[in-house]
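Colleague: Taking the numbering used here, the leading residue of the sequence shown gets 76, the next gets one more, and so forth. Glycine included, each C-beta is placed from N, C-alpha and C at the ideal position. Please read through the structure below; I'll follow up with questions.
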Amino acid sequence: MKQTYIVDGVRTPIGKFKGTLAAVRTDDLAAMTIAKLMEKNSDVDPSAIDDVILGCANQAGEDNRNVARMAALLAELPWSVPGETVNRLCASGMSAVIHAHRAIMAGDGDLFIAGGVENMSRGPYVMSKPQTAYGTDSKMYDSSFGWRFVNPKMKELYGTHAMGETAENLVEQFGISREDQDAFALWSQQKAARAQERGRFRLETFAVEIPQRKKDPIVFVEDEFMKPNTTLEALGGLRAAFKKEGSVTAGNSSGLNDGAVALLMASGEAVEQHGLKPLARVVSSAVAGVEPRIMGIGPVEASKKALAKAGLLLDNMDIIELNEAFAAQVLACTRELGLADSDERINPNGGAIALGHPLGVTGGRILHSAALELQETGKKYALVSMCIGVGQGYATILERA
């Protein structure tokens, strides 16, 4: 069976909601990222790419009708290069990467572009049609985030908890204090700030030029969601966002964000043929279902399954990237896995609480970041995992190449 390698990757800086990237069409955001990846790997003939697979969680606006194919064409890849868009909500980007991994393992190709795109600022309003010719039962939703067009049976069986409410459910079930959540959020901000100061994110990002009418273009070069000067006192002063007398706040949660990421994936044969220098090998992956009302615990079971497939233990992991949808969710997972809250292996360069969480992007971002970190530190294994809305978890294990 063929081996799969992450060869390279690139992402936009992450934009805040209604921030700098709000002016960029979603398909253009994906296209410029694909184009930059190919520019970085100019020795690879674009016509050799077997498929472009992107994750996207919305797909209700400019990302509709297979944004991966649209982006590949807009990036001026040959029209012979196909494209596919996948949706596993928060893990769409990771699903895209693993789709490419499985295709390589199965012998369906040797070179893939995989990643994701999300411009949550540009999520459109969507409205249902009435059920009868002159009905008045149309409903309008903001598609940027949350439930829409819910099946009444789904609501009856499982509820339709907002993501923040699922975090509050974990707080209650696992006894997670507000103080511990805020401490973790501060730690994420501090790690991300240090990483930015030393130029670590320049290994991941490229400068995005945004044309302006009658002015020079805006050049967007740094993640803009971060709050490096926050303090425990400031975090402690924020109100609960999802539940009266709750403890999940805007400060200990990830945000609504914009961005795109693209990774070059290759088989061992393609690595040799094209003279590529891979970052990491994909060892194993696993996805698991959990109760939707506590969707944030999903990484626990997924991680256990991925470790078992690889024949490895959590103690073998040198880097643990666990997406920070909410501080409460991360703490529930790490404690269930037997990790200390302050285990230095966890998100060494900060996570989504600091950087942001553009849904279709994050899975690809943290896989690329983990692969880079393995190379930077000379360490061997990374466990990369994330929770998923409606009750799932995804995990992938990487080995330094």
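Can you tell me where the beta strand (DSSP E) with Cys462 in it begins and where it stops?
Modeller: Unbroken beta strand (DSSP E) run through Cys462: 456-463.
Colleague: Excluding sequence positions up to five away, which residues of its chain have a Cβ less than 8 Å from the Cβ of Ala355?
Modeller: Cβ within range, chain order: Tyr80, Ile81, Ala445, Ala446, Leu449, Gln450, Ala457, Leu473, Glu474, Arg475, Ala476.
Colleague: Using 8 Å as the Cβ pair cut-off and three pairs as the minimum, do the stretch 121-130 and the stretch 148-162 touch?
Modeller: Enough Cβ pairs lie closer than 8 Å, so yes.
Colleague: Please confirm whether Asp183 and Ala345 have their CB atoms less than 7 Å apart.
Modeller: The answer is no: Cβ separation not under 7 Å.
Colleague: Going by CA-CA distance only, name the one from Val156, Gln206, Tyr216, Lys204 that's closest to Ala189.
Modeller: Nearest C-alpha to Ala189: Val156.
Colleague: Cβ of Gly210 within 7 Å of Cβ of Gly438?
Modeller: Not closer than 7 Å, so no.
Colleague: Compare the Cα-Cα distances from Leu339 to each of Leu164, Lys93, Gly191, Gly94 and report the closest residue.
Modeller: For Leu339, the nearest C-alpha among the options comes from Gly191.
Colleague: From the DSSP output, in three-state form, read off Ile173 for me.
Modeller: Looking at Ile173 - three-state DSSP - the assignment turns out to be helix.
Colleague: Alpha carbons only, please: which of Arg163, Asp416, Val459 is nearest the one belonging to Leu261?
Modeller: Among Arg163, Asp416, Val459, the Cα nearest to that of Leu261 belongs to Asp416.
Colleague: Let's test the definition: count the other Cβ atoms within 10 Å of the Cβ of Asp333 and tell me whether it reaches 16, buried, or not, exposed.
Modeller: So Asp333 counts as buried.
Colleague: So, under 8 Å CB-CB, Ile463 and Cys165 are touching, yes? Tell me the CB distance rounded to an integer number of Å.
Modeller: With a Cβ gap of about 5 Å, Ile463 and Cys165 count as contacting.
Colleague: Based on the DSSP secondary-structure assignment, which residues constitute the bridge partners of Met202?
Modeller: Met215, per the DSSP bridge assignment.
Colleague: Under the three-state reduction of DSSP, which class applies to Arg277: helix, strand or coil?
Modeller: Helix.
Colleague: Could you give the residue range of the beta strand (DSSP E) that holds Arg253?
Modeller: Run containing Arg253: none in the beta strand (DSSP E); it sits in the alpha helix (DSSP H), 253-272.
Colleague: Expressed to the nearest angstrom, what Euclidean distance is found between the alpha-carbon atoms of Met113 and Ser252?
Modeller: Met113 and Ser252: Cα-Cα distance of roughly 46 Å.
Colleague: What residue range does the alpha helix (DSSP H) around Ile410 cover?
Modeller: For the sequence presented, residue 410 should be read as Arg rather than Ile. Counting along the chain, the alpha helix (DSSP H) containing Arg410 begins and ends at 402-411.
Colleague: Report the option in Leu389, Thr409, Ser342 whose CA atom is closest to the CA atom of Ile372.
Modeller: Residue Thr409 is the option with its Cα nearest to Ile372.
Colleague: Using the Cβ count rule (16 or more neighbours within 10 Å means buried), how would you classify Gly239?
Modeller: Classification of Gly239: buried, given that the 10 Å Cβ count is 16 or more.
Colleague: Quick check on DSSP: helix, strand or coil for Phe249?
Modeller: Three-state DSSP puts Phe249 in a helix.
Colleague: Please go through the same chain and pick out, in chain order, the residues whose beta-carbon is closer than 6 Å to the beta-carbon of Val294, but skip the five residues on each side of it.
Modeller: The residues are Ala282, Glu284.
Colleague: Leu331 to Val119, Cα distance in whole Å?
Modeller: Cα-Cα distance, rounded: 35 Å.
Colleague: Just checking my contact of Lys380 with Ala363 at CB under 8 Å: how many whole Å lie between their CB atoms?
Modeller: That belief holds up - the Cβ atoms of Lys380 and Ala363 are roughly 6 Å apart, short of 8 Å.
Colleague: Sort Ser213, Leu278, Lys91, Asn424 by Cα distance to His432 and report the nearest one.
Modeller: Checked all of Ser213, Leu278, Lys91, Asn424; the closest Cα to His432 is Lys91.
Colleague: Which partner residues of Ile441 appear in the DSSP bridge assignment?
Modeller: DSSP, once it has assigned bridges, lists no residue as partnering Ile441.
Colleague: Just the C-alpha distance for Leu389 and Glu419, rounded to the nearest angstrom, thanks.
Modeller: The alpha-carbon atoms of Leu389 and Glu419 are separated by roughly 14 Å.
Colleague: Curious, which full-length alpha helix (DSSP H) runs of at least 4 residues does the stretch 285-322 contain?
Modeller: Complete alpha helix (DSSP H) runs here, min 4: 307-311.
Colleague: Apply the 10 Å Cβ neighbour rule to Ala208 and answer buried if 16 or more other Cβ atoms are within range, or exposed otherwise.
Modeller: The residue in question, Ala208, is exposed, as its Cβ has fewer than 16 Cβ neighbours within 10 Å.
Colleague: Check this for me: beta carbons of Ile428 and Glu396, under 7 Å apart or not?
Modeller: Their beta carbons are not under 7 Å apart, which means Ile428 does not touch Glu396 by this criterion.
Colleague: Taking Leu339 as part of the beta strand (DSSP E), name the residues at either end of that continuous run.
Modeller: Taken as a continuous stretch (DSSP letters only), the beta strand (DSSP E) holding Leu339 covers 332-342.
Colleague: Output the distance between the C-alpha atoms of Gln78 and Ser359, rounded to the nearest integer angstrom.
Modeller: About 11 Å.
Colleague: Alpha carbon to alpha carbon, how far is Pro205 from Val375? Give it in angstroms, no decimals.
Modeller: For Val375 and Pro205, the distance between alpha carbons rounds to 42 Å.
Colleague: Taking just the CA atoms, how far does Val99 sit from Glu297?
Modeller: Roughly 16 Å separates the two Cα atoms.
Colleague: CA-CA distance, Ser170 and Glu254?
Modeller: Distance between the alpha carbons of Ser170 and Glu254: 34 Å.
Colleague: Could you please give me the residues that DSSP links to Tyr80 through a beta bridge?
Modeller: Its beta-bridge partners are Ala341, Arg356.
Colleague: Quickly, what does DSSP pair Arg86 with across the bridge? List them, please.
Modeller: Its beta-bridge partners are Thr280, Val336.
Colleague: So who's on the other strand from Tyr469, going by DSSP bridges?
Modeller: DSSP output for Tyr469 lists Val362, Met461 as bridge partner(s).
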